[in-house]
Structures are given as C-alpha cells and as structure tokens.
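This report refers to the structure that appears directly beneath it.
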Amino acid sequence: MTTGMQERMKISRRERNTTATRAKIFDVAHELFSEKGYDAVTVQHIADKADIGIGTLFYHASSKTELFLMVYNSSLEQAIQAGRKAQNDLPADASLCDRILALSLPIADAMNSPEAGNFARYHKELLFGDSNDRYRRAGIDLVRGFESEVAGVLGGALHIDAHSLLTRLTARAIFAALHFDIALPETDLNPATRFAGAGSMSLRMQIQIIVEGFESIGARHATPNRGKLNLGTQAAHTSDDNDSWLAVIPAHDVS
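In terms of the working numbering, the sequence shown has 28 at position 25, counting the first letter as 1, and numbering is strictly consecutive.
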C-alpha cells in the first residue's frame, strides 16, 4: 500500500469519526433540549452525556446557542421540505393563498408540539441573536431559501419575476407574519394564547391579507396588452417614479 493511499485512509477514517461525533452531539443535545428546555441545559450536561470532553464539543459548536441552533435548524429544514411537498401536492386550481399557506403551515405547526417553547426560542435566536457562527448562518440561509420559494410561487401566480422587489418584499412580509406568530411570547393582552391568537386560522388570515394586497398591487400595475407587470429597468433610475420599487433588483440589495 502506497503512502498516498495510507494518508487517504487516515483522512477518511478521521472524517468518519468527526461525523460520528457530531451526530452523537446532535442526538444528545436534541434529547436534553427536548426534555429540559434551553435554559435548564448546560454545555457540560451535553458533553457528559455524549461522553466527550468540552474541547471536543466546542470543536463542533462554539456555544450552547450554536448547539441549540444546530439542533433546530434540522427541524426548520424538515418543516420547509414538508411545506414544499404539501404545496406541490395541491391541485392545479388551488388559490395562491392556499399555496402559500401550504408552504407555511408545517413551520407554524411546530408551536402545537411539546417543544413549542424551544421553537419560539429558536426563532428569536436565529433572527435576533448575536452569534455569527456557522449554525446561525446556516439557519439564516434556510430562511432565505424559504422566502425565495414563497417568492417563486407568488411570481408564478401573477407572471412576475420572482426577484422583483414587489415579490421579494411580499415573501419577506409572509415570513415576518409567520415568525411573529411563533416567536412573540404570551402577553397580558391575551394571556390564553400568543398575541393576536394562534393557529392555522390566524395565520391564514394574515397570509390572505398580504396575498390580496400583492394581487391588488400586481393588478393595478399590469400591462394591459400582456397581463404582466411592467418591470422595466428604467423605473429604477427615475427618482420621481412612484412605481420604481416594482423594478427588478439584484438579490443582495434586499437582505
């Protein structure tokens, strides 16, 4: 066996060990967070139950918050995938509101699980936490992917470029409504439920308000001859043009 082959085998074995350790940390962290909640779990608890040293644990995640994000990023990804399947399974004549609701409900349904408190905490840490490590970045990428998927469905319904500012801001508003319903804690305004109520009926009403606004604006600015929005790039360069925000803009300009 050549030296090169031996080195490749060592690297492969090291990679397998690293992957196995990360999977073990994930499973233990998920179990402890599910059983005890975020606040009651310490990094030492996770390391002890995984039978690894603190240094090894921090190699895979730099803090308890990052471990928490690592675990619940997986849950968010699964919910996004479930929403995609639900939307694709709808009949061709399904309404735009029903399509967006199908994409969104699996994420919102996490609040009906025993881990509702963890999911609320996850959404807060994901969007408003101060970590800039890989698992928070990975979670933000999941949110951006969800918004892009919503924008694609919106744009397809009205024959608008999914990257237009109108479409992307509407997708952002839909995720904001979803996030607000999940992450906002109970308040004195409505102690029996989360603020403004909760569940699919509340979410559907919010989505319907946003989608109907999108459709109304889209209809007002449709080109009569083609039934499509006029997204001419000249609008972006006309400072006194009230419709300039309908122009297509690069993705990095709305982040």
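Note that CB positions come from ideal geometry on N, CA and C, so glycine has one too.
All of these numbers come straight from a predicted model, not from anything done at the bench.
Where the alpha helix (DSSP H) containing residue i begins and where it ends
i: residue 138; result: 137-161
i: residue 116; result: Run containing residue 116: none; DSSP gives neither H nor E here.
i: residue 45; result: Counting along the chain, residue 45 falls outside any alpha helix (DSSP H), and DSSP gives it neither H nor E.
i: residue 58; result: 57-63
i: residue 186; result: 168-186
i: residue 132; result: From DSSP, residue 132 is part of no alpha helix (DSSP H); its letter is neither H nor E.
i: residue 85; result: 67-91
Residues near residue i by beta carbon distance below 8 Å, same chain, minus five either side
i: residue 80; result: 145
i: residue 156; result: 90, 99, 102, 103 and 106
i: residue 25; result: 63
i: residue 56; result: 50
Exposure of residue i, with buried meaning 16 or more beta-carbon neighbours within 10 Å
i: residue 40; result: exposed
i: residue 129; result: buried
i: residue 210; result: buried
i: residue 86; result: buried
i: residue 19; result: exposed
i: residue 83; result: buried
i: residue 97; result: exposed
i: residue 124; result: buried
Own chain, CB closer than 6 Å to residue i, minus 5 neighbours either side, in chain order
i: residue 160; result: 99
i: residue 109; result: 82, 85 and 86
Through-space distance from residue j to residue i, alpha-carbon basis
i: residue 121; j: residue 51; result: 22 Å
i: residue 31; j: residue 49; result: 6 Å
i: residue 106; j: residue 113; result: 13 Å
i: residue 149; j: residue 115; result: 21 Å
i: residue 28; j: residue 158; result: 41 Å
i: residue 221; j: residue 46; result: 50 Å
i: residue 163; j: residue 22; result: 43 Å
i: residue 215; j: residue 73; result: 36 Å
i: residue 3; j: residue 213; result: Limits of the chain in this structure are 4 at one end and 258 at the other, which puts residue 3 out of reach.
i: residue 111; j: residue 94; result: 22 Å
i: residue 208; j: residue 180; result: 10 Å
i: residue 176; j: residue 131; result: 17 Å
i: residue 217; j: residue 174; result: 10 Å
i: residue 58; j: residue 135; result: 20 Å
i: residue 60; j: residue 71; result: 13 Å
i: residue 17; j: residue 54; result: 18 Å
i: residue 117; j: residue 186; result: 15 Å
i: residue 153; j: residue 78; result: 19 Å
Residues near residue i by beta carbon distance below 7 Å, same chain, minus five either side
i: residue 76; result: 138, 141, 142 and 145
i: residue 35; result: 44, 48, 49 and 52
i: residue 42; result: none
Residue-chain proximity (residue i, chain D), Cβ-Cβ < 9 Å
i: residue 166; result: Note that chain D does not occur in the displayed structure, where there is just one protein chain.
Does the contact criterion of 3 or more C-beta pairs under 8 Å hold for the segment 88-95 versus the segment 60-77? no
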